[in-house]
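Here is the structure we will look at, set down as structure tokens.
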Amino acid sequence: MKPHYTLYGWHLSYFTGKALCYLRYKQANFTLKPVNMFTLMVTIKKKTGAAVMPVLKSSSGEWIQDTSVIIDRFEREIPTNLVIPADPVQRFASYLLEAWGDEWWVPIAMHTRWNYPENYALFEHDAGQALLPFAPRFLQNKAAAKPARFLKSMLPGVGITPAQHNTMNRWTTHMLDALDAHFAKHGFLLGERPSLGDFGLVGTMYGHLGRDPWPKRELVDPRPHLKAWLERMSNPAPHHRGELIPPGPMPTSLNPVWHSVLHEFVPMVQRTGELLCKAAQQRGLNTRLPRSVGMVETRMGDMPFQRMGLGYTVWMMQRALDCYRAMSRADQNAVEQWLAQHHARDILAMPLPRVERMALTVAVTELPSTLEQAA
Numbered sequence: 519m520k521p522h523y524t525l526y527g528w529h530l531s532y533f534t535g536k537a538l539c540y541l542r543y544k545q546a547n548f549t550l551k552p553v554n555m556f557t558l559m560v561t562i563k564k565k566t567g568a569a570v571m572p573v574l575k576s577s578s579g580e581w582i583q584d585t586s587v588i589i590d591r592f593e594r595e596i597p598t599n600l601v602i603p604a605d606p607v608q609r610f611a612s613y614l615l616e617a618w619g620d621e622w623w624v625p626i627a628m629h630t631r632w633n634y635p636e637n638y639a640l641f642e643h644d645a646g647q648a649l650l651p652f653a654p655r656f657l658q659n660k661a662a663a664k665p666a667r668f669l670k671s672m673l674p675g676v677g678i679t680p681a682q683h684n685t686m687n688r689w690t691t692h693m694l695d696a697l698d699a700h701f702a703k704h705g706f707l708l709g710e711r712p713s714l715g716d717f718g719l720v721g722t723m724y725g726h727l728g729r730d731p732w733p734k735r736e737l738v739d740p741r742p743h744l745k746a747w748l749e750r751m752s753n754p755a756p757h758h759r760g761e762l763i764p765p766g767p768m769p770t771s772l773n774p775v776w777h778s779v780l781h782e783f784v785p786m787v788q789r790t791g792e793l794l795c796k797a798a799q800q801r802g803l804n805t806r807l808p809r810s811v812g813m814v815e816t817r818m819g820d821m822p823f824q825r826m827g828l829g830y831t832v833w834m835m836q837r838a839l840d841c842y843r844a845m846s847r848a849d850q851n852a853v854e855q856w857l858a859q860h861h862a863r864d865i866l867a868m869p870l871p872r873v874e875r876m877a878l879t880v881a882v883t884e885l886p887s888t889l890e891q892a893a
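Written as structure tokens, this is what we have:
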């Protein structure tokens with residue numbers, strides 16, 4: 519008998535969507551349980567160190583926080599329907615895509631939810647019912663207002679300011695068009711079955727762009743191939759027999775995606791790493807740092823874009839780099855050649871600090887060698 523798990527989360531939650539689609543793909547034995555106020559603010563915070571969702575609880579009472587950790591765990595323990603490609607380039611690219619989906623798309627998801635008032639009724643209904651399931655509607659509405667205020671307060675920090683709305687809108691249109699064109703030719707990002715990158719990308723699509731009324735109507739529904747991909751990702755298990763693309767050249771339809779990953783997202787991570795190093799030098803190694811270590815600037819499309827630098831993004835990039843470092847030299851050469859095609863081979867030598875994840879933030883455990891020598 520398969521072990522049973524309970525996934526605590528909400529359908530409207532960015533990362534619950536990622537975990538939910540992944541567990542369905544793995545055909546795991548689990549139950550989705552909406553998070554109520556006590557579970558979120560008391561139990562989960564006590565068990566994981568942060569009031570977050572989703573969290574997976576095993577039948578033995580273990581609480582597992584973070585979707586990437588959940589995926590790593592299941593990939594080890596359930597060796598069927600694997601989402602990490604065997605080909606070294608696709609494997610490394612999948613980790614990059616997961617990080618990009620998890621972190622780069624957050625401003626887009628929050629912008630399209632909170633800057634279009636028609637979305638609030640759905641949030642209010644779902645969040646209120648989950649937080650206070652047996653309370654009257656007016657108390658549920660009051661309960662939903664608290665996380666809504668908190669999430670809205672985060673908008674400027676993740677780059678959602680009036681001066682950057684047009685930048686995000688143009689980028690979103692361009693990227694969704696590119697994804698729609700890609701999915702017209704391929705069922706998933708790397709072929710005909712989901713891989714790790716698909717589960718990173720589905721986070722922003724499942725609960726936000728594909729479910730909130732405004733972005734669903736204006737952004738997803740008019741793009742039939744993107745919409746069909748999202749439908750496949752919502753019930754991905756039937757596609758586990760599909761083939762990934764053969765080793766070798768990637769589809770050219772993914773070039774806009776690689777440009778964003780390698781020349782928009784990765785520079786943001788590098789600048790965040792620089793701020794993490796400064797914070798660690800001031801506070802000491804192995805010290806839990808604030809979630810945000812300052813504002814960083816990168817580019818979104820052809821425009822500058824500013825947002826908070828989150829130490830967690832460095833941990834996500836570290837996963838990709840660790841994947842590369844664990845490869846044979848021949849496989850590393852293949853990754854290097856692929857990156858060189860996109861003028862991004864230098865990302866493998868980024869002077870990032872070594873970090874340890876602590877719930878939603880990190881502690882720096884090791885500074886880059888260049889800084890250590892300078893010290």
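Its first residue numbered 519, the sequence shown is counted upward by one per residue in my numbering.
Here a beta-carbon is modelled for each residue, glycine too, at the ideal position from N, C-alpha and C.
Everything numeric in this text was worked out from a predicted model, so none of it was measured.
{"Asked": "Name the residue from Cys795, Ala663, Pro774 whose alpha carbon lies nearest to the alpha carbon of His700.", "Found": "Pro774"}
{"Asked": "Please work out which residues of its chain come closer than 6 Å, Cβ to Cβ, to Ala881, disregarding the five sequence neighbours upstream and downstream, and give them in chain order.", "Found": "Asn804, Thr805, Arg806, Glu874"}
{"Asked": "Looking at the secondary structure, which residues open and close the alpha helix (DSSP H) in which Val587 lies?", "Found": "585-595"}
{"Asked": "Which term fits Asn684, buried or exposed, when burial requires 16 or more other beta carbons within 10 angstroms of its beta carbon?", "Found": "exposed"}
{"Asked": "Please confirm whether Cys795 and Pro886 have their CB atoms less than 8 Å apart.", "Found": "yes"}
{"Asked": "Which residue wins for smallest C-alpha separation from Glu642, given the options Ala627, Arg667, Lys734?", "Found": "Arg667"}
{"Asked": "Using three-state DSSP, classify Met960 as helix, strand or coil.", "Found": "Absent from the structure is residue 960, since the part of the chain shown begins at 519 and ends at 893."}
{"Asked": "Hey, out of Gly766, Gly709, Met555, Ser586, whose CA is closest to Pro651's CA?", "Found": "Met555"}
{"Asked": "Among all the DSSP beta bridges, which residues are the ones paired with Met818?", "Found": "Met821"}
{"Asked": "Opposite Asn851 in the DSSP bridges: which residues?", "Found": "Answer is none; Asn851 lacks a bridge partner."}
{"Asked": "Restricting to Cα atoms, I'd like to know which of Arg789, Trp528, Val784, Pro769 is closest to Gln608.", "Found": "Pro769"}
{"Asked": "For chain D, check one thing: does any of its Cβ atoms lie closer than 8 Å to the Cβ of Gly829?", "Found": "The chain labelled as chain D is not found in the depicted structure, where only one protein chain is given."}
{"Asked": "Give, in chain order, every unbroken run of the alpha helix (DSSP H) that is at least 4 residues long and sits entirely within the region 569-644.", "Found": "585-595, 606-617, 624-632"}
{"Asked": "For Thr524, which residues does DSSP report across the bridge?", "Found": "Thr549, Lys575"}
{"Asked": "Taking C-beta to C-beta, are Tyr842 and Val832 nearer than 8 Å?", "Found": "no"}
{"Asked": "Here's the rule I'm using: 16 or more other beta-carbon atoms within 10 Å means buried, otherwise exposed. How should Ser846 be labelled?", "Found": "exposed"}
{"Asked": "Within its chain, find whatever has a CB closer than 6 Å to the CB of Thr971; leave out the 5 residues flanking it on each side and keep chain order.", "Found": "Any question about residue 971 goes unanswered here, given that the chain covers just 519 to 893."}
{"Asked": "Is it buried or exposed, Phe706, if we count other Cβ atoms within 10 angstroms and call 16 or more buried?", "Found": "buried"}
{"Asked": "In the DSSP assignment, find the alpha helix (DSSP H) that holds Val676 and state where it starts and stops.", "Found": "No alpha helix (DSSP H) holds Val676; DSSP gives it neither H nor E."}
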